[in-house]
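Asker: Following my numbering from start to finish, the sequence shown increments by one per residue and tops out at 243.
Here it is, the structure, as structure tokens.
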Amino acid sequence: MRLAKEMEIKEMKYYSKDWYKEMQLYSFLNFPDTKEEWDETIKYFESNGKDYIKNLKKDLEFFKNDLLKFLPESFHSYINDGTLNTAYPSEKLRNMINNWKDEYDQQMEDLNKEYRSKYNASKDLLPLSIVKLNEISLHDSNVKSIENLSIDTFVINLDCAGGFNDFTEIKLTFKGVKEISMPEDIKGGFWLYDEVYPAKSGYELHVLFDIPFIEFKIVAEDIIVEGKSDN
């Protein structure tokens, strides 16, 4: 296997924390199609003793910093005065939202294509084991435990019951570990997205986890993947 000439990647370049935060805004900016549906939703909440608008205000406050960071300045007055999501959107605001979503969709398509293109171009530089792992979706798999078996062997045990693959459990044993960056303990966390790059003597795997919401990185020579299923 040829040695990779790629420089070390310090953090996730594509599926990063900021990328994920911006993606959440796409779902946040969803509204009923008609004013009638909006009014019916308010009445439904009221019939169950709940305040729909109050809930929306809480959501807006929760996302406010990210909304101001990622949305164009034309949205800021709606964010700051609280009308972005607490009133049925005007035609002007709805058009602004639809235009932003169209641009976002294109950006995401371009980003996915760029990462996939770079991955395919460097795949021959990667150990076959990490290439095979990359063919398995670990999205939403839960970290049951982690183990440091030795100075250069690290294990992640995953519960895949709520994930997007055919396994119930997967054990990842990283061999020849050179570096681990783990700002917080990932036990109990959920595997969201990952990126993999060639390294001088193996690969770099970057993973975005949720709960804790961190970017994890490991540089190693090889990996052993062991899966269990009910079948």
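The C-beta atom is built at its ideal place from N, Cα and C for all residues, glycine as well.
1. For the region 205 to 216 against the region 231 to 243, are there 3 or more C-beta pairs whose distance is under 8 Å?
2. Using alpha carbons as the reference points, say which of Ser86, Thr53, Ala99, Asp78 lies closest to lysine 69.
3. Is the CB-CB distance between glutamate 147 and methionine 24 below 8 Å?
4. Secondary structure at serine 28, three-state DSSP: helix, strand or coil?
5. Short of 7 Å in beta carbon distance, which residues of its chain neighbour glutamate 196, apart from the five on each side in sequence? Order them along the chain.
6. Within a Cβ cutoff of 7 Å, which residues of the same chain sit near serine 241, ignoring the five residues on either side of it in sequence?
7. Under three-state DSSP, which class holds aspartate 222?
8. Taking buried to mean at least 16 other C-beta atoms within 10 Å of its own C-beta, is serine 157 buried or exposed?
9. Do threonine 53 and tyrosine 38 count as a contact pair if the criterion is CB distance below 8 Å?
10. Can you tell me the Cα-Cα spacing of alanine 133 and valine 219, whole angstroms?
11. Residues in its own chain within less than 8 Å of asparagine 67 by CB, not counting five upstream and five downstream?
12. What's the gap between the Cα of lysine 183 and the Cα of asparagine 110?
13. In this structure, how does DSSP classify isoleucine 91 when only helix, strand and coil are distinguished?
14. Would valine 155 pass as a contact of isoleucine 198 if the rule is Cβ separation under 8 Å?
15. If you count every other CB in all the chains shown that lies within 10 Å of the CB of asparagine 160, and 16 or more means buried, which is it?
16. Taking the CB atoms as reference points, tell me whether phenylalanine 166 and phenylalanine 186 lie closer together than 8 Å.
17. Just to confirm the assignment, what range does the alpha helix (DSSP H) spanning tyrosine 169 have?
18. Cα-Cα, which of Leu204, Tyr127, Ile168, Leu105 is closest to glutamate 238?
19. Please work out which residues of its chain come closer than 8 Å, Cβ to Cβ, to threonine 46, disregarding the five sequence neighbours upstream and downstream, and give them in chain order.
20. Decide if serine 153 is buried, meaning its Cβ has at least 16 other Cβ atoms within 10 Å, or exposed.
21. Do tyrosine 90 and tyrosine 26 have their C-beta atoms closer together than 8 Å?
22. Just to confirm my understanding: we take lysine 29, look at its own chain, exclude 5 residues before and 5 after, and list those with CB closer than 7 Å. What are they?
Answerer: Let me lay it out:
1. yes
2. Ala99
3. no
4. coil
5. Pro224, Ile226
6. Asp178, Phe179, Thr180
7. strand
8. exposed
9. no
10. 20 Å
11. Phe57
12. 42 Å
13. helix
14. yes
15. exposed
16. yes
17. It is worth fixing the name first, because residue 169 is asparagine in this sequence and not tyrosine. Unbroken run through asparagine 169 is the beta strand (DSSP E), 165 to 171; no alpha helix (DSSP H).
18. Ile168
19. none
20. buried
21. no
22. Leu220, Phe225, Glu227
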